[in-house]
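Under our numbering, the first residue of the sequence shown is numbered 535, with each subsequent residue one higher.
Ideal placement from N, C-alpha and C gives every residue a C-beta, glycine not left out.
For clarity, every value in this text was computed on a predicted model and none was experimentally measured.
Right, one structure below, let's go through it.
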Amino acid sequence: MSLRLALFGQAPLAIACLERLQKAGHIISVVYTPEDGSRTDALASYARSLGLDVIQCKYFQHKDGSPIPDIVNTYQRYEVDLNVLASFTSFLPSVISDSPQHKSICYHPSLLPKYRGGNALQWQIINGEIETGVSIFVPDSGIDTGPIVIQKGGVQIASSDTVGSLFFDKLAPLGVEAIIEAVSAIDEGTASIKDQNESLASFQKLVDKNDAMIDLSMSATDIDRLIRGCDPQPGAHLPYAGKLLKLYDTSLLSPSDQVPGTIISMNDSSIVIALNNSSLRIGKVRFDNGKEPAKKFAERHSLNVGSTLISK
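Following this line, the structure appears as structure tokens:
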């Protein structure tokens, strides 16, 4: 058997899903990707290279929640048995999400009902979770509240993991497997769909600039988690010269008795600053433009051992 699918998402997760779904014999009726920003999403380019219909749009509904008629009309031209949402960050109106025979399934990088929301990965690292997984669920009118189709857990969050490494190296590949299994189970009529346990639910807001501000009075462990949980976006930061100095590629080192924020050593590319009961190696920073080696930034701003890496 095979299903006619509408695929909503972006690279790299949705590309891997597209490849596997076609290999399994399913028909991709249409692919939805975000509108072009500074560059075209790789999913759009790849789908077009396969001769598939690609529709790029930013929103599917108005601010009041009502569906955008032209988008709905275009969607209804396609024969779809199931919508597959893979790294899809927009809201689908129910006239689209509930339209196919099997409705829709959506990927989420946490073990729902814990860590609902668009920044689930960030908060799991910031909060010091040590294990996570992925959920495939049926979207409803809430945010990540719909019934669960399949979950895969047992993913260890390493002490060196960033949002980038946790997603690209671990949860994206696992998510592809989970989506393929979910589609197969739905196709074969063997899917066991269960409501989420609301007593265990937690929702996390998007990480904003205030959340990502490093307070040097925090414990070294909390600072380390904050930096990794904001890498690559939005970037944990210190105030410097009236701007934000974002820190990347960091690791905790041995304790220091210097005032937190003081530069205690430098090498060819990185610098080390004191923290409470620890010290922090900083490999890269972002200040004016793109990322650069922390040592280069220090040299440009005449910072030396003994200088303070914080300035209002």
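Quick check on residue i: does DSSP put it in helix, strand or coil?
{"i": "cysteine 591", "result": "coil"}
{"i": "tyrosine 612", "result": "coil"}
{"i": "isoleucine 549", "result": "helix"}
{"i": "glycine 763", "result": "helix"}
{"i": "alanine 558", "result": "coil"}
{"i": "valine 741", "result": "coil"}
{"i": "aspartate 758", "result": "helix"}
{"i": "proline 627", "result": "coil"}
{"i": "asparagine 617", "result": "strand"}
{"i": "phenylalanine 702", "result": "helix"}
{"i": "alanine 540", "result": "strand"}
{"i": "valine 710", "result": "helix"}
{"i": "phenylalanine 831", "result": "helix"}
{"i": "alanine 719", "result": "helix"}
{"i": "isoleucine 805", "result": "strand"}
{"i": "glutamate 665", "result": "strand"}
{"i": "proline 826", "result": "Looking at the sequence provided, one finds glutamate at residue 826 rather than proline. Note: glutamate 826 maps to strand in three-state DSSP."}
{"i": "aspartate 598", "result": "coil"}
{"i": "tyrosine 782", "result": "strand"}
{"i": "tyrosine 649", "result": "coil"}
{"i": "proline 773", "result": "strand"}
{"i": "isoleucine 816", "result": "strand"}
{"i": "serine 845", "result": "coil"}
Shortest alpha-carbon distance to residue i belongs to which of the options?
{"i": "glycine 571", "options": "Gln544, Ser583, Gly585, Leu837", "result": "Gln544"}
{"i": "alanine 558", "options": "Ala719, Asp587, Val614, Ser669", "result": "Ala719"}
{"i": "glycine 769", "options": "Gly795, Ser788, Gly723, Gly824", "result": "Gly824"}
{"i": "valine 689", "options": "Gly676, Leu705, Ser675", "result": "Leu705"}
{"i": "glycine 817", "options": "Ala832, Ile713, Ser790", "result": "Ala832"}
{"i": "serine 536", "options": "Phe542, Leu547, Gln556", "result": "Gln556"}
{"i": "leucine 616", "options": "Leu541, Gly795, Tyr580", "result": "Leu541"}
{"i": "aspartate 749", "options": "Ile691, Leu809, Leu837", "result": "Leu809"}
{"i": "isoleucine 659", "options": "Lys686, Ala692, Gly651", "result": "Ala692"}
{"i": "tyrosine 609", "options": "Gly585, Leu552, Pro634", "result": "Pro634"}
{"i": "arginine 815", "options": "Gly763, Gln685, Leu584, Thr784", "result": "Thr784"}
{"i": "lysine 829", "options": "Val819, Ser751, Ser803, Leu772", "result": "Ser803"}
{"i": "glycine 687", "options": "Ile664, Pro681, Gly680", "result": "Ile664"}
{"i": "histidine 642", "options": "Asp756, Phe737, Leu584, Asp587", "result": "Phe737"}
{"i": "glutamine 767", "options": "Arg582, Val819, Val683, Leu584", "result": "Val819"}
{"i": "isoleucine 549", "options": "Asp721, His771, Arg834, Leu619", "result": "Leu619"}
{"i": "glycine 585", "options": "Glu569, Leu552, Asp822, Ser638", "result": "Leu552"}
{"i": "glycine 840", "options": "Asn811, Ile757, Phe821, Val793", "result": "Val793"}
I think residue i touches residue j, with their Cβ atoms under 8 Å apart; what is that distance to the nearest whole Å?
{"i": "isoleucine 761", "j": "leucine 778", "result": "With 8 Å as the limit, isoleucine 761 and leucine 778 do not qualify as a contact, their Cβ atoms being about 13 Å apart."}
{"i": "leucine 843", "j": "glycine 795", "result": "5 Å"}
{"i": "isoleucine 807", "j": "serine 813", "result": "7 Å"}
{"i": "proline 673", "j": "serine 638", "result": "5 Å"}
Taking the alpha-carbon positions, what's the residue i to residue j distance?
{"i": "histidine 636", "j": "aspartate 703", "result": "30 Å"}
{"i": "serine 631", "j": "valine 565", "result": "14 Å"}
{"i": "proline 827", "j": "alanine 654", "result": "29 Å"}
{"i": "proline 603", "j": "isoleucine 589", "result": "15 Å"}
{"i": "valine 710", "j": "glycine 667", "result": "12 Å"}
{"i": "isoleucine 670", "j": "isoleucine 677", "result": "13 Å"}
{"i": "tyrosine 580", "j": "aspartate 791", "result": "54 Å"}
{"i": "serine 675", "j": "lysine 739", "result": "17 Å"}
{"i": "isoleucine 562", "j": "serine 621", "result": "17 Å"}
{"i": "threonine 567", "j": "asparagine 838", "result": "47 Å"}
{"i": "arginine 847", "j": "glycine 662", "result": "Here the chain comprises residues numbered 535 to 846, so residue 847 is not present and cannot be evaluated."}
{"i": "glutamine 685", "j": "alanine 712", "result": "7 Å"}
{"i": "glutamate 715", "j": "leucine 734", "result": "25 Å"}
{"i": "glycine 652", "j": "valine 629", "result": "22 Å"}
{"i": "cysteine 764", "j": "alanine 754", "result": "15 Å"}
{"i": "methionine 752", "j": "tyrosine 612", "result": "54 Å"}
{"i": "alanine 774", "j": "serine 836", "result": "The sequence shown places tyrosine at residue 774, not alanine. Their backbone Cα atoms lie some 13 Å apart in a straight line."}
{"i": "proline 789", "j": "isoleucine 797", "result": "13 Å"}
Determine, using beta carbons only, whether residue i comes closer than 8 Å to chain D.
{"i": "glycine 571", "result": "You won't find chain D in this structure, because it holds only one protein chain."}
The segment 694-703 / the segment 740-754 touching (three or more Cβ pairs under 8 Å): no
At least 3 beta-carbon pairs within less than 8 Å: the segment 605-625 vs the segment 576-596: yes
Inter-stretch contact at 8 Å, needing at least 3 Cβ pairs: the segment 715-733 / the segment 643-654: yes
Three or more C-beta pairs below 8 Å linking the segment 599-619 and the segment 572-582: no
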